[in-house]
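K.L.:
Protein chains in written order, with my numbering: chain A, 1 to 436; chain B, 1001 to 1251.
We treat Cβ as the ideally placed atom computed from N, Cα and C, and that holds for glycine.
All of these numbers come straight from a predicted model, not from anything done at the bench.
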């Protein structure tokens, strides 16, 4: 008898309002405790809010996992320049699909998070930089900001606290690189979205060369819950070093793909059990723990706790908990080729290793998937990927090398079989005409 | 202004449409600029505004943005050529974007793209079938990940989501669009056209109270929360009183 795998322990916190009728509107939000955290926060000394978020252990949900409270505490006191809060809502990492549903389903949770965070870091202006394609998320956020202002949660002297805040909802224009925080800032300043040299970090010179906090949507939407529940409550979920709940996005050959909120450290085996397993019973072949930029995992990693440290210890990165699940029918070299086409298209062109490297890798991969590659090509790819990773201006270059390096680790034989003709080409060369 | 004879290598060429932007567009530009602490931040929205008028960024659009923001045309065109959403040839009534990134492609995205391209006479990426701007004209493009992977394979029309597509359903949708129909997106506001949505992306809403109502509560989006509700699972209860940590002691 086979054992029924244990399902994920679901803990809806950020997603708890999503199924409510008209979940996006202010009345619903207020009926479900909305803006109570802001009422409390605005009576508290701002630095105590920073201490609260520090003690909660909240780590950034945009991929890097940097401690949120610590990031806020880096802003210099005094100095005469205004502080800014910028929300990174430029969701575009392949596999990642949590922030856009959050903004569409519960935009006020982000507005309230922006209000509390801006107050804590003493920012009079906050920009929510939303990926341009996400037009309905832009509508919902713009509407929420409008409602919040009309109800006195934004504007001048908010709730009689003497604190003023304006929020602008800003649409991007289709560039994955703008998810990189300094490229996002350049883009928000009306420039090409290319990353900046760090230091200076945004905490010192960010938007308009002023102290700036850049945080992900899910991170900031978590802040009101921490103010309401406290750090001990937040830490009652997740692991010691990765506390709190997390929205896991299951996609691919899964029976019931979707958004599942569970404590940090939940495993893919548990999540798949909750999602009805792999579709049509075809077994899992490989998955990404957090988007295409995180090294791929195989079924041997099904029990790795999905927390920042556990995933890193197993050789990948938690990223955005975008669990793309591919079954046995999918060719690994084909998927890697697809991802490299993406990185080539999205490389901003600023630095040579990434700009040139992604272009050459795509050309080699096109040869391989159409059956005209050679064994030498595999060495060239490994060499090129090794020369991009760690030598590029920003993390996009590292990300572009990742699918190649990690697929070679687990599936090099599939590439070898293709170039030696042991397996037939996975793409007809005619299909490449006009691709991307 | 630019023509074949005086085109210089490496200098981007924008369509010379001769358009004169009306008072309403000028007023909208002023409204957008006023939102930002520094005016140049309005450049991306202004380029979307230009596209809402012309369906692309023309030479006149570049000049308009430059004049409104006190920038050079070179500064504006450098930005306009960087971003995928700014088109240099006029879009059709509808922009159909098919995700062909790995996950959508594995679930049928490539087949959907090929099917639509064939039906549109074999047009390629960013090409248009029909006279741009006229009813039923369609611009087709490969899209990178559209952040809807739990609804794969997806396509968007004017950036509104049509989820869980098949080649057949996408073909039905295309046929309807060409006929002048506007099937409702799976998630997103009732379909209008490319230009109308560009206006909203610029941050100008003429009917927000209505468009915001369009439903988004899809099955994949709600799966976790509905399953939790059905199985009686919830997050730990919050305490009644929350202690805030004291301020750090100054050294």
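1) Where does residue 404 of chain A sit, in a helix, a strand or coil, going by DSSP?
2) Could you tell me which chain A residues have their CB closer than 8 Å to the CB of residue 1150 of chain B, listed as they occur along the chain?
3) Counting only C-beta atoms, is residue 1002 of chain B closer than 8 Å to chain A at any point?
4) So which residues on chain B does residue 47 of chain A lean against when the C-beta distance must stay under 9 Å?
5) Do you know offhand how far residue 69 of chain A's Cα is from residue 219 of chain A's?
6) Leaving out five residues before and five after residue 113 of chain A in sequence, what residues of the same chain have Cβ atoms less than 6 Å from its Cβ?
7) Do you know whose CA, among B/1081, B/1100 and B/1082, lies nearest residue 335 of chain A's CA?
8) Measure the alpha-carbon distance for residue 1002 of chain B versus residue 1012 of chain B and round it to whole angstroms.
9) Measure from the C-beta of residue 1233 of chain B to each C-beta in chain A and report whether the shortest distance is under 8 Å.
10) Counting contacts by CB-CB distance shorter than 8 Å, is residue 1062 of chain B in contact with chain A?
11) Given that a residue counts as buried once 16 or more other Cβ atoms are within 10 Å of its Cβ, and exposed if not, what is residue 109 of chain A?
12) Based on DSSP bridge pairs, tell me the residues matched to residue 960 of chain B.
13) Taking the straight line between their C-alpha atoms, what separation do you get for residue 1 of chain A and residue 324 of chain A?
14) Can you list the residues of chain B that residue 168 of chain A reaches, using a CB-CB cut of under 9 Å?
15) Roughly how many angstroms lie between the CA atoms of residue 1143 of chain B and residue 1097 of chain B, to the nearest whole one?
16) Check each candidate in A/401, A/85 and A/363 and name the one with the smallest Cα separation from residue 215 of chain A.
17) If you measure beta-carbon to beta-carbon, which residues of the region 1156 to 1185 of chain B are closer than 9 Å to chain A?
18) What did DSSP end up calling residue 252 of chain A once you bin it into helix, strand or coil?
19) What in chain A is Cβ-close to residue 1021 of chain B, meaning under 8 Å?
20) So is residue 282 of chain A buried or exposed if we call it buried at 16+ other beta carbons inside 10 Å?
21) In chain order, which beta strand (DSSP E) runs of at least 3 residues are fully inside the region 273 to 321 of chain A?
22) Give me the chain B residues within the contact set of residue 145 of chain A, using Cβ-Cβ distance strictly less than 9 Å, ordered along the chain.
23) Going by DSSP, name the residue or residues bridged to residue 372 of chain A.
24) Touch check for the region 365 to 377 of chain A and the region 1129 to 1139 of chain B: three-plus C-beta pairs under 8 Å?
25) Helix, strand or coil: which one does DSSP assign to residue 132 of chain A?
26) Kindly indicate which residue of A/250, A/269 and A/147 has the alpha-carbon position closest to the one of residue 290 of chain A.
27) Would you mind stating whether residue 147 of chain A and residue 42 of chain A have Cβ atoms separated by less than 8 Å?
28) Can you tell me whether residue 1165 of chain B is helix, strand or coil according to DSSP?
29) When the distance is taken between beta carbons, is residue 94 of chain A closer than 8 Å to residue 1145 of chain B?
30) Smallest Cα separation from residue 40 of chain A: which of A/192, A/337 and A/115?
31) In chain order, which beta strand (DSSP E) runs of at least 3 residues are fully inside the region 319 to 361 of chain A?
32) Give a yes or no on whether the minimum CB-CB distance between residue 1145 of chain B and chain A is below 8 Å.
33) Does the pairing of the region 1069 to 1081 of chain B with the region 1112 to 1119 of chain B give three or more beta-carbon distances under 8 Å?
34) Which word fits residue 427 of chain A, buried or exposed, when buried means at least 16 other C-beta atoms lie within 10 angstroms of its C-beta?
35) According to DSSP, simplified to helix, strand and coil, what is residue 1158 of chain B?
36) Kindly indicate which residue of A/393, A/364 and A/370 has the alpha-carbon position closest to the one of residue 383 of chain A.
P.N.:
Working from what's here:
1) What you label residue 404 of chain A is simply residue 404 of the first chain in a count that begins at 1. Of the three classes helix, strand and coil, the one that applies to residue 404 of chain A here is helix, per DSSP.
2) In the second chain, counting from the first residue as 1, residue 1150 of chain B sits at position 150. Correct list: 97, 249, 250, 251, 257, 258 and 259.
3) Locating residue 1002 of chain B in the second chain gives position 2, where the first residue counts as 1. The predicted position of residue 1002 of chain B is uncertain, since its pLDDT is 42 and thus under 50; no value can be drawn from it.
4) As a working note, residue 47 of chain A is residue 47 in the first chain. Those within 9 Å of residue 47 of chain A in chain B are 1247 and 1248.
5) Here residue 69 of chain A refers to the residue found at position 69 when the first chain is read from its first residue. Here residue 219 of chain A refers to the residue found at position 219 when the first chain is read from its first residue. Those two C-alpha atoms are separated by around 11 Å.
6) Along the first chain, read from residue 1 onward, the residue named residue 113 of chain A stands at position 113. Contacts found: 220, 221, 223 and 224.
7) The residue given as residue 335 of chain A occupies position 335 in the first chain. Considering only alpha carbons, the answer is B/1100.
8) As a working mapping, residue 1002 of chain B is identified with position 2 in the second chain. As a working mapping, residue 1012 of chain B is identified with position 12 in the second chain. Confidence at residue 1002 of chain B is low in this model, with a pLDDT of 42, below 50, so its placement is unreliable and the value that follows should be read with caution. Roughly 9 Å separates the two Cα atoms.
9) Here the question's residue 1233 of chain B lines up with position 233 in the second chain. Yes, contact with chain A.
10) Taking the second chain and counting its residues from 1, the one referred to as residue 1062 of chain B is at position 62. Answer no: the Cβ-Cβ gap between residue 1062 of chain B and chain A never drops below 8 Å.
11) Position 109 of the first chain, counted from the first residue, corresponds to residue 109 of chain A. It is buried - the Cβ of residue 109 of chain A has at least 16 other Cβ atoms within 10 Å.
12) The requested residue 960 of chain B does not occur in the structure, where chain B is confined to residues 1001 to 1251.
13) As a first step, residue 1 of chain A is located in the first chain; it is residue number 1 there, counting from the start. As a first step, residue 324 of chain A is located in the first chain; it is residue number 324 there, counting from the start. Note on residue 1 of chain A: pLDDT 47, under 50, position unreliable in the model; no value is reported.
14) Sequence index remark: in the first chain, residue 168 of chain A carries index 168 (1-based). Near residue 168 of chain A (Cβ distances below 9 Å), the residues of chain B are 1035, 1036, 1041 and 1203.
15) Translated into the one-based positions of the second chain, residue 1143 of chain B becomes position 143. Translated into the one-based positions of the second chain, residue 1097 of chain B becomes position 97. Near 5 Å, if we compare the C-alpha coordinates of residue 1097 of chain B and residue 1143 of chain B.
16) Your numbering for residue 215 of chain A matches position 215 in the first chain. Among A/401, A/85 and A/363, the Cα nearest to that of residue 215 of chain A is on A/85.
17) 1156, 1158, 1159, 1160, 1161 and 1185
18) The sequence position of residue 252 of chain A within the first chain is 252, counting from 1. Strand.
19) As a first step, residue 1021 of chain B must be located in the second chain, where it is residue number 21. Going along chain A, no residue has its Cβ under 8 Å from residue 1021 of chain B, so there is no contact; the nearest lies around 19 Å.
20) Reading the first chain from its first residue, position 282 is the one you call residue 282 of chain A. Under this definition residue 282 of chain A is an exposed residue.
21) 284 to 288
22) Within the first chain, the letter at position 145 stands for residue 145 of chain A. Ordered by position in chain B, no residue passes the 9 Å Cβ test against residue 145 of chain A, which lies about 11 Å from the chain.
23) Position 372 of the first chain holds residue 372 of chain A. DSSP output for residue 372 of chain A lists no bridge partner at all.
24) no
25) What you label residue 132 of chain A is simply residue 132 of the first chain in a count that begins at 1. Coil, per DSSP.
26) On the first chain, position 290 is the one that residue 290 of chain A refers to. Among A/250, A/269 and A/147, the Cα nearest to that of residue 290 of chain A belongs to A/250.
27) Here residue 147 of chain A corresponds to residue number 147 of the first chain, with the count starting at 1. Here residue 42 of chain A corresponds to residue number 42 of the first chain, with the count starting at 1. No, these two residues do not count as a Cβ contact at 8 Å.
28) In the second chain, the residue the question calls residue 1165 of chain B occupies position 165. Coil.
29) Numbered from 1 along the second chain, position 145 holds the residue referred to as residue 1145 of chain B. Numbered from 1 along the first chain, position 94 holds the residue referred to as residue 94 of chain A. Yes; because the gap between Cβ atoms is below 8 Å, this pair is in contact.
30) Position 40 of the first chain, counted from the first residue, corresponds to residue 40 of chain A. Nearest option by C-alpha distance: A/115.
31) 322 to 327
32) Sequence index remark: in the second chain, residue 1145 of chain B carries index 145 (1-based). By this cut-off, residue 1145 of chain B is an interface position.
33) no
34) Against the first chain, residue 427 of chain A aligns to sequence position 427. The residue is buried, with at least 16 neighbouring Cβ atoms inside 10 Å.
35) As a working note, residue 1158 of chain B is residue 158 in the second chain. In this structure, residue 1158 of chain B counts as coil in the three-state DSSP scheme.
36) Taking the first chain and counting its residues from 1, one reaches residue 383 of chain A at position 383. For residue 383 of chain A, the nearest C-alpha among the options comes from A/364.
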